[in-house]
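Peer 1: Got a structure here, written out as structure tokens. Questions coming.
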Amino acid sequence: MIESANAAPVVAIDGLTVRYGRKTAVDDVSLRIPAGAVYALLGRNGAGKSSLVHCLLGLRRPDAGRVTLLGHDAWRERRHAMLHTGVVPEDPDPSPGLTPVELARFCSRLYPTWNTADVAERLRRVGVPAGLRFGSLSKGQKKLVSLALALGPMPKLLVLDDPTLGLDVPGRRTFFEELVGELSDRGTTVLLTTHDLVSAEGVADRVGILVDGRLVVDETMEALKARHAALPALEEIFLAVTGQRSEVA
Amino acid sequence: MMRGAILIAMREVRERRAVLAAALVAGLLPFASPLIPGVAAARAGEARDAMAAILALGLGVILSILLGATAVARDLAENRLGFDFARPIGALGIWAGRLGAAVGLTLAAIVIVATPASLIGGRISLPDRGETIGEIGLPVLGAVLLFVGLAHAASVAFRSRSRWLALDLVGLVVVLLLAASGVKRIHDAFAVETAWLVGTVAVVALIPALWIASALQVARGRTDLVRGHRTQSIALWSMLLVLALAIAGFSLWFVAADVDDLVAAWAEPAPAGPWIALDGTARGRPGLEAQFLLDTESGRSIRLAPGDLTSGNATMFTRDGRSAVWMHRMAGSNTIEVEVIDLAGPDPRPRMTSIAFDLLMPIRADLSPSGTRLATLQGRSLAVHDLEAGRILAAATLAETDQTWGRVRVTFVDENRVRVYVLGERLIAHELDVEHRASTSWTGPEVGEAYPALHWRAGHDRLILADPGPTGAVLLDGSSGATIRQLGALGAQSVTSCGFLDDGRIAMVAEPVWGRAALELLSTDGAPLASFDLGTTDPSTTFWLGAEAAPGMLLIGRSSRTEPGELPAGRLMLVDLSTGMVREVEGGGRPVAAMSWIDQQRPAQPASVAARLVQRARSVWLLDPASATLRLLAGRDEPS
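Respectively, the protein sequence lines represent chains A and B.
Here the first sequence stands for residues 10 to 258, where the numbers follow my numbering.
Here the second sequence stands for residues -17 to 622, where the numbers follow my numbering.
Shown next, in the form of structure tokens:
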């Protein structure tokens, strides 16, 4: 699924630094996400994932460095970058007073590539009541609606910011089933930040791990596992890399 | 941007469509006004229209605040703005769509509320604003933009709870103080309309400042509430500080008019010495009546607090011109304060006395020869104040007076005696002896309906009552009011202007022959001494008898009668009192000494500045009698 090294990366981050006052949240991070990759960005709470994603989505101007999405500067050309980017935020954020159908109608007018039938089918498949206001939906339903809206424009890049946070196990499963189905259908590039390492291990082919704002791991899942052959799962590797568990132990 | 903004606005309207339904219900409420107890059936229509207007405006205010406060800031605080920023819509599109929807919804609600009552037969109007769409719509649109902008800014500030709130509070205080003090400064200078204009401009300028700040807040802060608040605060208070500084600077410049800034000036000279009081309008300062004391020799000027010139009391000088006093109404207050200045000192500065009047400015006042006492007439009460101590030295209630400014005179005869001349049906003189606190009075001849001129010689032993009516000019005994001699009357000898010369003789311009004017010189008892021809006249010719610009050289102005209030330049001539030789003064004008025919008489000493001062149109000039040329002192040399 990984394209050749010569292909332009979908996400290119160079020397990204984000500071909040004296605190450095993201410290000189550089990474590339090639087209078609599913990149799991991992890190403990406060490691800098959200700050990085905010810069990636053009919500925050980097204090240093540059972020480009699909060749567009994330801060200055956000509008162009978002034309082919779907986003599922940590907290679903559509207007609570509108129904999923109304939200889909609103979004459909913004994207020339919007697939109305696909969105309707996806909403039907996951069993979201079409006439209910978004604010009245359950947390899991909100996540699935957000995913449907994110996938509606047939994006080249999908950014999932801890999308299963707060979901129970069936909810996570449903969410990732939808995601995997999407990936197998279209080969969309995905940047996923999550604490759900088991699910991430099932879908990601590249892994980045942030520790105190620094990107200490940035490699393929295969290479990571090979380097930590003694550890059976991504979760164990993560704990070892972040210093919460000794690799020897 | 536009497409995204429109789509967001449509989405916002759809989400808040209940507002329009509520407005529709509110729009029907006025039709229930006849059910209100106390509303007469005949006035049901008026009640309905009034109720519709109140509901429309009330709902407009409430909605603009509520929608403005929630359009962006609520979603920003609740982390829902990211939904819009995850779409291919520019930041300004998001800003315009959300806040535009708030404005649109509010306006739509106002229209919905007002329309049913308007259609049924009533007309909705704003007080003092008229009824057309432009007259109503613009203020309403402005108010909605202002309230939405204010509510949004305040909502962002309070929801962020960041330390930038401190900047907001400091900015608010500083900007309000600067702007309010600026507006007050202009208002206190009695330029009320300009103060209102500046205040209105400030409020109108607040609208773009708020909206620009909100645009920057969304564009730069995006989904970061604190960062957005910081951007908003810096942008807003920078703009408002510039605005407030501009207002403060403008107000300082406005009240700091200099003599050179006067485009229209009028003068009140001291009887002796170089000082004159100037007032007039200044360049670029509409509504300001600037007032100065000007030393015509050195050019030094002292700016006085702009006065309420409706008071009718000009600056009063002592006869030696060494001190002056004036009354000043404090803006926004009913108190009238008295200020004095010692012009003989090295650094003359106005000084407030402890004398003050409530509500009513004295109708007339005069300063004693020494400059230590002030006589005032309020209603029938004559009082003599000690300017230094602020106490009343003597007072009297006049048995008979006149409340018309032009028909009353108050003047010190000497330091201890004050006279009030009342030009009612008859001339009445009241005299108050300050030292003995005793008053006397006499009644003189009849006075006509028009405003007469009253002249007196030093010591008040002789008076001239120059009545434009049938009485003509008569010389009176100043101690009894008895007529000494008829100086002129209609027909045989029409007197157009007269007065006392410094040596006590009487100068009078008359028409001994129909169509020709002459300067008549009379003795202290009115006996003819000499007559000098002043040329032909026509029915519109008026002569203005000035004072001796140089010893023995009388300054006389001649003009055609014009509409009231106009000051024609006219011809100006110097007449040699010994030979009658007339010398024209280039440029013309009118002797200032001749102009106070309705005001207090302040005799100008020969060769004094007061005797040489000339008013030409809206400018004040000083005559050089040797060369018969004029030098501009103040005002603009243009015809009025």
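Glycine included, C-beta positions come from ideal geometry on N, C-alpha and C.
Put A/I42 into one of helix, strand or coil per three-state DSSP.
Peer 2: Reading the first sequence from its first residue, position 33 is the one you call residue 42 of chain A. It is a strand residue.
Peer 1: In chain order, what residues of the same chain have a beta carbon less than 6 Å from the beta carbon of A/L243, not counting five sequence neighbours either side?
Peer 2: Here residue 243 of chain A refers to the residue found at position 234 when the first sequence is read from its first residue. Cβ neighbours of A/L243 beyond the five flanking positions: L206 and E210.
Peer 1: What three-state label does DSSP hand B/Q468 in the structure shown?
Peer 2: Within the second sequence, residue 468 of chain B is the residue found at index 486, counting from 1. Of the three classes helix, strand and coil, the one that applies to B/Q468 here is strand, per DSSP.
Peer 1: Under DSSP, the beta strand (DSSP E) around B/S601 begins and ends at which residues?
Peer 2: Position 619 of the second sequence, counting from 1, holds the residue named residue 601 of chain B. B/S601 -> beta strand (DSSP E) spans S601 to D606.
Peer 1: From the DSSP output, in three-state form, read off A/V168 for me.
Peer 2: Position 159 of the first sequence, counting from 1, holds the residue named residue 168 of chain A. Note: A/V168 maps to strand in three-state DSSP.
Peer 1: Comparing the C-beta of A/M163 with each C-beta of chain B, is any distance below 7 Å?
Peer 2: Translated into the one-based positions of the first sequence, residue 163 of chain A becomes position 154. It does not; no Cβ of chain B falls within 7 Å.
Peer 1: I'd like the list of long-range same chain contacts for A/G95, defined as Cβ closer than 6 Å, with 5 residues on each side in sequence excluded.
Peer 2: Translated into the one-based positions of the first sequence, residue 95 of chain A becomes position 86. Within the same chain, A/G95 has close Cβ partners A159, L160, P164 and L167.
Peer 1: From B/A99 to B/A133, what does the alpha carbon distance come to, in whole angstroms?
Peer 2: Reading the second sequence from its first residue, position 117 is the one you call residue 99 of chain B. Reading the second sequence from its first residue, position 151 is the one you call residue 133 of chain B. Approximately 29 Å between the Cα atoms of the pair.
Peer 1: Is there a Cβ of chain A sitting closer than 7 Å to that of B/G64, yes or no?
Peer 2: Start at 1 with the first residue of the second sequence, and residue 64 of chain B comes out as number 82. Yes, contact with chain A.
Peer 1: Compare the Cα-Cα distances from B/T278 to each of B/E250, B/A296, B/R267 and B/A264 and report the closest residue.
Peer 2: For this step, residue 278 of chain B is matched to residue 296 along the second sequence. Considering only alpha carbons, the answer is B/E250.
Peer 1: Counting only Cβ pairs nearer than 8 Å, list the residues of chain A close to B/R(-4).
Peer 2: Position 14 of the second sequence, counting from 1, holds the residue named residue -4 of chain B. Per Cβ cutoff of 8 Å: L107 and E111.
Peer 1: For the beta strand (DSSP E) that B/D624 lies in, which residues bound it at each end?
Peer 2: For residue 624 of chain B there is no data in the structure shown, the boundaries of chain B being -17 and 622.
Peer 1: Report the residue from B/V564, B/S505 and B/D484 whose alpha carbon sits nearest the alpha carbon of B/A589.
Peer 2: Working through the second sequence from its first residue, we reach residue 589 of chain B at position 607. Checked all of B/V564, B/S505 and B/D484; the closest Cα to B/A589 is B/D484.
Peer 1: Any beta carbon of chain B sitting closer than 7 Å to that of A/P259?
Peer 2: The question about residue 259 of chain A has no answer, for chain A in this structure spans 10 to 258.
Peer 1: Should the stretch 86 to 102 of chain B be regarded as contacting the stretch 0 to 17 of chain B, the criterion being three or more beta carbon pairs within less than 8 Å?
Peer 2: Between the stretch 86 to 102 of chain B and the stretch 0 to 17 of chain B, the count of Cβ pairs shorter than 8 Å is three or higher; the stretches touch.
Peer 1: Given this structure, state the Cα-to-Cα distance separating A/T117 from A/V137, to the nearest angstrom.
Peer 2: Against the first sequence, residue 117 of chain A aligns to sequence position 108. Against the first sequence, residue 137 of chain A aligns to sequence position 128. For the record, residue 117 of chain A in the displayed sequence is Ser; it is not Thr. Looking at the two C-alpha atoms, the distance is approximately 18 Å.
Peer 1: Just the Cα atoms here: how many angstroms apart are B/D329 and B/P121?
Peer 2: Taking the first residue of the second sequence as 1, we reach residue 329 of chain B at position 347. Taking the first residue of the second sequence as 1, we reach residue 121 of chain B at position 139. Distance between the alpha carbons of B/D329 and B/P121: 51 Å.
Peer 1: Three or more C-beta pairs under 8 Å: does that hold for the stretch 211 to 224 of chain B against the stretch 72 to 91 of chain B?
Peer 2: no
Peer 1: If you compare alpha carbons, which of B/L501, B/A23, B/A376 and B/A440 is closest to B/R540?
Peer 2: In the second sequence, residue 540 of chain B corresponds to position 558, counting from 1. Comparing Cα-Cα distances from B/R540 to each of B/L501, B/A23, B/A376 and B/A440, the minimum goes to B/L501.
Peer 1: Can you look up B/M563 in the DSSP assignment and give me helix, strand or coil?
Peer 2: Looking up residue 563 of chain B in the second sequence gives position 581. Residue state, collapsed to three classes: coil.
Peer 1: Going along the chain, which residues of its own chain have a beta-carbon closer than 6 Å to the beta-carbon of A/G144, five neighbours each way excluded?
Peer 2: As a working note, residue 144 of chain A is residue 135 in the first sequence. P105, listed in sequence order.
Peer 1: What in chain B is Cβ-close to A/P179, meaning under 8 Å?
Peer 2: For this step, residue 179 of chain A is matched to residue 170 along the first sequence. By Cβ distance, chain B contributes nothing, its closest Cβ being about 25 Å from A/P179, past 8 Å.
Peer 1: If the cut is a Cβ gap below 8 Å, which residues of chain B does A/V96 touch?
Peer 2: For the purposes of this step, residue 96 of chain A is taken as the residue at position 87 of the first sequence. Neighbours of A/V96 on chain B, chain order: G64 and A68.
Peer 1: Report the CB separation of A/D171 from A/H204 in whole angstroms; it is logged as a contact under 8 Å.
Peer 2: Against the first sequence, residue 171 of chain A aligns to sequence position 162. Against the first sequence, residue 204 of chain A aligns to sequence position 195. 7 Å between Cβ atoms; contact.
Peer 1: Based on Cα-Cα distance, which residue from B/V564, B/L554, B/G517 and B/D520 lies nearest to B/G534?
Peer 2: Counted from its first residue, the second sequence places residue 534 of chain B at position 552. The candidate whose alpha carbon is nearest that of B/G534 is B/V564.
Peer 1: Label B/W193 either buried or exposed according to how many other C-beta atoms from any shown protein chain fall within 10 Å of its C-beta, with 16 as the threshold for buried.
Peer 2: Within the second sequence, numbered from 1, the residue matching residue 193 of chain B stands at position 211. B/W193 is buried by the Cβ-count criterion.
Peer 1: Taking the beta strand (DSSP E) that B/A629 falls in, what are its first and last residues?
Peer 2: Lying before the first or after the last residue shown, residue 629 of chain B is absent from chain B, which here runs from -17 to 622.
Peer 1: Measuring CA to CA, which of A/L224, A/L176, A/H89 and A/A129 is closest to A/A56?
Peer 2: The sequence position of residue 56 of chain A within the first sequence is 47, counting from 1. Minimum Cα distance to A/A56 is reached at A/L224.
Peer 1: Do B/L244 and B/G255 count as a contact pair if the criterion is CB distance below 7 Å?
Peer 2: Here the question's residue 255 of chain B lines up with position 273 in the second sequence. Here the question's residue 244 of chain B lines up with position 262 in the second sequence. Remark: C-beta atoms of B/G255 and B/L244 do not approach each other more closely than 7 Å.
Peer 1: Using DSSP with H/G/I as helix, E/B as strand and the rest coil, what is B/G269?
Peer 2: Within the second sequence, numbered from 1, the residue matching residue 269 of chain B stands at position 287. Of the three classes helix, strand and coil, the one that applies to B/G269 here is strand, per DSSP.
Peer 1: Any idea what DSSP makes of B/E279, helix, strand or coil?
Peer 2: As a first step, residue 279 of chain B is located in the second sequence; it is residue number 297 there, counting from the start. Coil, per DSSP.
Peer 1: Spell out the partners DSSP gives B/P251 in its beta bridges.
Peer 2: Taking the second sequence and counting its residues from 1, one reaches residue 251 of chain B at position 269. Note: B/P251 sits in a beta bridge opposite B/I258.
Peer 1: Who are the Cβ neighbours of B/S15 in its own chain at under 7 Å, not counting the five residues just before and after it?
Peer 2: Indexing the second sequence from 1 puts residue 15 of chain B at position 33. Within the same chain, B/S15 has close Cβ partners V21, A26, A29, R30 and M33.
Peer 1: I need the straight-line Cα distance from B/E319 to B/L158, nearest angstrom please.
Peer 2: Taking the second sequence and counting its residues from 1, the one referred to as residue 319 of chain B is at position 337. Taking the second sequence and counting its residues from 1, the one referred to as residue 158 of chain B is at position 176. In a straight line, the C-alpha of B/E319 is about 29 Å away from that of B/L158.
Peer 1: Pair every Cβ in the stretch 245 to 252 of chain A with every Cβ in the stretch 53 to 69 of chain B, then say whether three or more of these pairs are closer than 8 Å.
Peer 2: no
Peer 1: Taking the CB atoms as reference points, tell me whether B/L612 and B/G569 lie closer together than 7 Å.
Peer 2: The count along the second sequence starts at 1 and reaches residue 612 of chain B at position 630. The count along the second sequence starts at 1 and reaches residue 569 of chain B at position 587. Yes, these two residues count as a Cβ contact at 7 Å.
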